[in-house]
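Visitor: Let me begin by handing over the structure; questions about it come next.
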């Protein structure tokens, strides 16, 4: 199961879903609109997603842990 990094919608099946690869990771989207929003602001969306899954940001580095 994947989560759309823009709207947060859970995607039960990624087959046929709009997607994009960014920094060696594939992101899946519920619609072409969310994909376009991600491409417009890729780094902001990526940081928001990292924070959502429990990444701790400090000194410009990402350290994984529990928030």
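Residue numbers (this note's numbering): 2 to 68. Just so you know, even glycine gets a beta-carbon here, dropped at the ideal spot from N, CA and C.
(1) For residue 6 and residue 16, I'd like the C-alpha separation in whole angstroms.
(2) Under three-state DSSP, which class holds residue 27?
(3) Can you grab the Cα-Cα spacing for the pair residue 31 / residue 10, in whole Å?
(4) Straight-line CA distance for residue 46 to residue 38?
(5) For residue 2, which of 40, 28 and 49 has the nearest alpha-carbon?
Guide: Straight from the coordinates:
(1) 17 Å
(2) Residue 27: strand per DSSP, three-state reduction.
(3) 7 Å
(4) 9 Å
(5) 28
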